[in-house]
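Residue numbers (my numbering): 9 to 442.
No residue lacks a Cβ here, since even glycine has one placed at the ideal position from N, Cα and C.
Everything on this sheet refers to the single structure shown next.
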Ligand SMILES: *Cc1c(COP(=O)(O)O)cnc(C)c1O
């Protein structure tokens with residue numbers, strides 16, 4: 009390299025890392041990430057893409073925006089519990105609880121006596137009380153709750169399941185396969201459309217571990233059908249486990265077909281299992297509610313240790329139960345009139361058209377239920393551009409149109425959505441038509 013080669017002026021790595029402008033990024037992203045960006049920018053300077061003076065600005069422009077590669081998504085689909093984008097968004101209270109729990113916390117310690125306690129005991133009491141249950145246990149997710157219940161009650165024995173409830177929930181996840189994986193034998197009773205009490209009664213015997221009743225969630229059998237209620241099963245003398253799925257703890261008149269934990273327990277279920285991040289609107293978790301002796305049996309089973317819930321989840325779950333209404337509950341209650349003014353503003357700013365839009369509960373909850381609303385209808389070409397922005401805006405493509413539904417968009421994000429749409433429109437206008 010000759011003396012007047014501008015590449016001699018490329019700032020050295022150590023000098024760049026000492027720059028005050030990189031102090032913040034070093035603290036939030038760590039040395040490795042920042043160093044990678046520094047090396048890449050120096051390389052761009054070496055090849056003449058940028059001048060040595062521009063290296064620091066270039067580093068800053070290319071740094072990742074956050075320490076996680078997970079990209080925030082604004083949910084403009086109108087689907088409240090959307091599995092692919094992380095199901096339930098947490099309330100501000102739950103987010104704050106997460107932050108508290110991220111340090112050292114008394115999750116298994118009684119600070120007054122210094123003695124070890126049951127993990128998250130107080131929080132589980134709150135959970136039990138919220139559903140009117142004797143006792144509660146938290147695990148990693150809804151599937152783990154079913155696994156733990158069937159393992160502890162029926163490993164090496166039979167789990168009786170109606171053929172009408174042999175369901176696949178989503179993404180190839182089949183309840184019967186899960187049950188068999190625990191070492192229990194599946195004892196199918198009845199037919200796809202009709203199962204009677206006599207079918208269950210004939211199957212119950214000394215080899216029975218439990219009866220498992222599964223809410224079919226995202227699937228319905230219509231017409232000539234019959235199923236046996238929890239109350240009737242409770243009289244058969246074996247434990248009845250009911251997987252209600254969605255995690256509604258108390259009945260909700262707006263969701264008449266959705267089972268809830270309190271009603272199911274009152275009807276006679278010995279254990280109820282559910283997810284924490286569907287209709288309950290909390291963090292990913294599996295919830296087990298019911299008889300104290302059975303919950304204790306599950307808690308003491310060796311598998312419980314492998315499925316146990318973490319402190320972050322416990323904290324967020326408690327804040328969801330005791331704090332302000334969960335975002336998913338608020339969002340599913342919004343009607344066209346609640347959404348119209350915001351939607352009209354967005355339509356006026358973007359040249360879109362206000363149309364009727366039907367939202368969904370999603371996540372396998374209340375499958376037949378329409379959530380009437382409104383949306384801004386735009387050119388379908390906008391959808392991929394919106395999806396690949398940062399933050400990503402996920403719209404719904406329907407009948408060849410891109411629908412931006414504000415039901416699940418925080419009002420504070422309306423201007424971000426507007427700017428994303430305007431940016432995408434500019435991009436399309438600037439792209440030559442072939
Ligand atoms: C969603 C669901 C599950 C699985 O719960 P995850 O929390 O996703 O593990 C199990 N059973 C039913 C009925 C469900 O709806």
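Discussion item. Whole angstroms are fine: how far does the CA of residue 87 sit from the CA of residue 351?
Written reply: Counting from 1 along the chain shown, the entry for residue 351 is found at position 343. Counting from 1 along the chain shown, the entry for residue 87 is found at position 79. Computed Cα separation, rounded: 16 Å.
Practice prompt. Identify every residue that forms a DSSP beta bridge with residue 295.
Written response: Residue mapping note: residue 295 aligns to position 287 of the chain shown, counting from 1. DSSP lists 146 and 282 as partners of residue 295.
Worksheet item: Within the chosen definition, does the segment 272 to 280 reach the segment 101 to 119 through at least 3 CB pairs nearer than 8 Å?
Response: no
Fill in: residue 109 and residue 324 closer than 9 Å at C-beta
As a working mapping, residue 109 is identified with position 101 in the chain shown. As a working mapping, residue 324 is identified with position 316 in the chain shown. Against a cut-off of 9 Å, the Cβ pair of residue 324 and residue 109 comes out as a contact.
Worksheet item: Measuring from the CB of residue 370, is there a heavy atom of ligand 1 at a distance below 8 Å?
Response: Numbered from 1 along the chain shown, position 362 holds the residue referred to as residue 370. Checking the Cβ of residue 370 against ligand 1 gives no.
Item to complete: Following the continuous beta strand (DSSP E) through residue 380, name the residue where it begins and the one where it ends.
Response: For the purposes of this step, residue 380 is taken as the residue at position 372 of the chain shown. Taken as a continuous stretch (DSSP letters only), the beta strand (DSSP E) holding residue 380 covers 379 to 387.
Worksheet item: What do you reckon, is the C-beta of residue 222 under 8 Å from a heavy atom of ligand 1?
Response: Locating residue 222 in the chain shown gives position 214, counting from the first residue. Yes, ligand 1 has a heavy atom inside 8 Å of this Cβ.
Worksheet item: Should residue 15 go down as buried or exposed, given a rule of 16 or more other Cβ atoms within 10 Å for buried?
Response: Within the chain shown, the letter at position 7 stands for residue 15. When all chains shown are included, residue 15 counts as exposed.
Discussion item. I'd like to know whether the C-beta atoms of residue 429 and residue 402 end up nearer to each other than 9 Å.
Written reply: Within the chain shown, the letter at position 421 stands for residue 429. Within the chain shown, the letter at position 394 stands for residue 402. Taking 9 Å as the Cβ cut-off, residue 429 and residue 402 do not qualify as a contacting pair.
Worksheet item: From residue 409 to residue 388, what does the alpha carbon distance come to, in whole angstroms?
Response: If you number the chain shown from 1, residue 409 lands on position 401. If you number the chain shown from 1, residue 388 lands on position 380. In a straight line, the C-alpha of residue 409 is about 5 Å away from that of residue 388.
Worksheet item: What do you reckon, are the CB atoms on residue 75 and residue 39 nearer than 9 Å?
Response: If you number the chain shown from 1, residue 75 lands on position 67. If you number the chain shown from 1, residue 39 lands on position 31. No, these two residues do not count as a Cβ contact at 9 Å.
Worksheet item: Beta carbon of residue 226, beta carbon of residue 168: below 9 Å?
Response: Position 218 of the chain shown holds residue 226. Position 160 of the chain shown holds residue 168. Their beta carbons are not under 9 Å apart, which means residue 226 does not touch residue 168 by this criterion.
Discussion item. Does residue 413 pass the burial test, meaning 16 or more other C-beta atoms within 10 Å, or should it be called exposed?
Written reply: As a first step, residue 413 is located in the chain shown; it is residue number 405 there, counting from the start. By the 10 Å Cβ count, residue 413 comes out buried.
Discussion item. Between which residues of its own chain and residue 93 is the CB-CB distance below 8 Å, once the five residues before and five after are set aside?
Written reply: What you label residue 93 is simply residue 85 of the chain shown in a count that begins at 1. 81, 83 and 402.
Worksheet item: Per DSSP, which one or two residues make a beta bridge with residue 250?
Response: Counting from one through the chain shown, the residue named residue 250 turns up at place 242. Looking at the DSSP assignment, residue 250 forms a beta bridge with 221 and 280.
Discussion item. Mapping the DSSP letters down to three states, classify residue 407 as helix, strand or coil.
Written reply: Here residue 407 refers to the residue found at position 399 of the chain shown. Correct three-state label for residue 407: coil.
Worksheet item: Where does residue 309 sit, in a helix, a strand or coil, going by DSSP?
Response: The sequence position of residue 309 within the chain shown is 301, counting from 1. In the structure shown, residue 309 sits in coil (DSSP, three-state: anything other than H, G, I, E or B).
Discussion item. Counting C-beta neighbours from all protein chains within 10 Å, is the total for residue 283 16 or more, i.e. buried, or is it exposed?
Written reply: Within the chain shown, numbered from 1, the residue matching residue 283 stands at position 275. Buried, by the Cβ-count rule.
Worksheet item: Does ligand 1 have a heavy atom nearer than 8 Å to the CB of residue 149?
Response: The residue given as residue 149 occupies position 141 in the chain shown. Yes, since a heavy atom of ligand 1 falls inside the 8 Å radius drawn around the Cβ of residue 149.
Worksheet item: Alpha carbon to alpha carbon, what distance is there between residue 138 and residue 258?
Response: Against the chain shown, residue 258 aligns to sequence position 250. Against the chain shown, residue 138 aligns to sequence position 130. Straight-line Cα distance between these residues: approximately 8 Å.
Worksheet entry | Segment contact, 8 Å Cβ cut-off, at least three pairs: the segment 328 to 335 with the segment 96 to 111 | yes
Discussion item. Can you tell me whether residue 84 is helix, strand or coil according to DSSP?
Written reply: By 1-based counting over the chain shown, the position of residue 84 is 76. Looking at residue 84 - three-state DSSP - the assignment turns out to be strand.
Discussion item. Taking the beta carbon of residue 321 as the centre, do at least 16 other beta carbons fall within 10 Å, making it buried, or is it exposed?
Written reply: Counting from one through the chain shown, the residue named residue 321 turns up at place 313. It is buried - the Cβ of residue 321 has at least 16 other Cβ atoms within 10 Å.
Discussion item. Can you tell me where the beta strand (DSSP E) holding residue 177 begins and where it ends?
Written reply: If you number the chain shown from 1, residue 177 lands on position 169. Counting along the chain, the beta strand (DSSP E) containing residue 177 begins and ends at 176 to 178.
Worksheet entry | Helix, strand or coil at residue 58 [DSSP, three-state] | Indexing the chain shown from 1 puts residue 58 at position 50. In the structure shown, residue 58 sits in coil (DSSP, three-state: anything other than H, G, I, E or B).
Discussion item. Could you check whether the Cβ of residue 296 sits closer than 8 Å to any heavy atom belonging to ligand 1?
Written reply: In the chain shown, residue 296 corresponds to position 288, counting from 1. For ligand 1, not one heavy atom lies less than 8 Å from the Cβ of residue 296.
Discussion item. Quick check on the burial criterion: 16 or more other C-beta atoms within 10 angstroms. Buried or exposed for residue 219?
Written reply: Here the question's residue 219 lines up with position 211 in the chain shown. That one is buried.
Worksheet entry | Anticipated Cβ contact below 8 Å, residue 165 with residue 217, distance rounded | For the purposes of this step, residue 165 is identified with residue 157 of the chain shown, where counting begins at 1. For the purposes of this step, residue 217 is identified with residue 209 of the chain shown, where counting begins at 1. The pair is a contact, with the Cβ atoms about 4 Å apart (cut-off 8 Å).
Fill in: residue 437 classed as buried or exposed, judged by whether at least 16 other C-beta atoms fall within 10 angstroms
By one-based count along the chain shown, residue 437 stands at place 429. Classification of residue 437: exposed, given that the 10 Å Cβ count is below 16.
Item to complete: Compute the distance between the beta-carbons of residue 269 and residue 145, then report whether it is under 9 Å.
Response: Residue mapping note: residue 269 aligns to position 261 of the chain shown, counting from 1. Residue mapping note: residue 145 aligns to position 137 of the chain shown, counting from 1. Cβ distance not < 9 Å, so residue 269 and residue 145 don't count as in contact.
Worksheet item: Under the rule that 16 or more other beta-carbon atoms within 10 Å means buried, what is residue 78, buried or exposed?
Response: As a first step, residue 78 must be located in the chain shown, where it is residue number 70. When all chains shown are included, residue 78 counts as exposed.
Practice prompt. Return the CA-CA distance between residue 404 and residue 184, expressed in angstroms with no decimal places.
Written response: Position 396 of the chain shown holds residue 404. Position 176 of the chain shown holds residue 184. Whole-angstrom Cα-Cα distance: 33 Å.
Worksheet item: Measuring CA to CA, which of 287, 252 and 182 is closest to residue 368?
Response: Counting from 1 along the chain shown, the entry for residue 368 is found at position 360. Measuring from the Cα of residue 368, the nearest candidate turns out to be 287.
Worksheet item: Can the beta-carbon of residue 319 be found less than 9 Å from the beta-carbon of residue 113?
Response: Position 311 of the chain shown, counting from 1, holds the residue named residue 319. Position 105 of the chain shown, counting from 1, holds the residue named residue 113. Result yes, Cβ atoms of residue 319 and residue 113 sit closer than 9 Å.
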